[in-house]
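Residue numbers for the sequence shown follow our numbering, beginning at 10 and rising by one.
Written out below as structure tokens is the structure these notes cover.
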Amino acid sequence: MDEKTFKTRTKKLAVEVIRQTEKLPKSRAAEVIGRQLLRSGTSIGANHRAACRAKSTADMINKLKIVEEESDETGYWLELLVEPELVPQDQITGIYKETDEILAMTIASIKTLRHRKS
Numbered sequence: 010m011d012e013k014t015f016k017t018r019t020k021k022l023a024v025e026v027i028r029q030t031e032k033l034p035k036s037r038a039a040e041v042i043g044r045q046l047l048r049s050g051t052s053i054g055a056n057h058r059a060a061c062r063a064k065s066t067a068d069m070i071n072k073l074k075i076v077e078e079e080s081d082e083t084g085y086w087l088e089l090l091v092e093p094e095l096v097p098q099d100q101i102t103g104i105y106k107e108t109d110e111i112l113a114m115t116i117a118s119i120k121t122l123r124h125r126k127s
């Protein structure tokens, strides 16, 4: 996938995360999880953009590792919304799927970069 498409997907994901957090029930747990989800879900695209401006392959790998971590964390927070039944699973299925795909593509990119580097 080209850089422009990936940037678009991560930004779209951030917008969907923002919309989802605005729909959360008004409870303490939902507020805390929503804040964490908002932070990690919007961080994915920002850190990917930073990776695109990396000064070296090693720098790009390090920045993509942050994208990997934030994507994985976003998946975790989404799971924590569903398991205690704060939101129905079908409400976040699309966001979860997109987060998982971005995570998989990021891991593949890191592996490719490491292979090229060695």
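All C-beta atoms, glycine included, are put in the ideal place defined by N, C-alpha and C.
Would you mind sorting Gln29 into buried or exposed? The rule is 16 or more other CB atoms within 10 Å of its CB.
-> buried
Distance, Leu112 Cα to Met10 Cα | 13 Å
Buried/exposed call for Ala60, threshold 16 Cβ in 10 Å = buried
Taking C-beta to C-beta, are Gly54 and Thr83 nearer than 7 Å?
-> no
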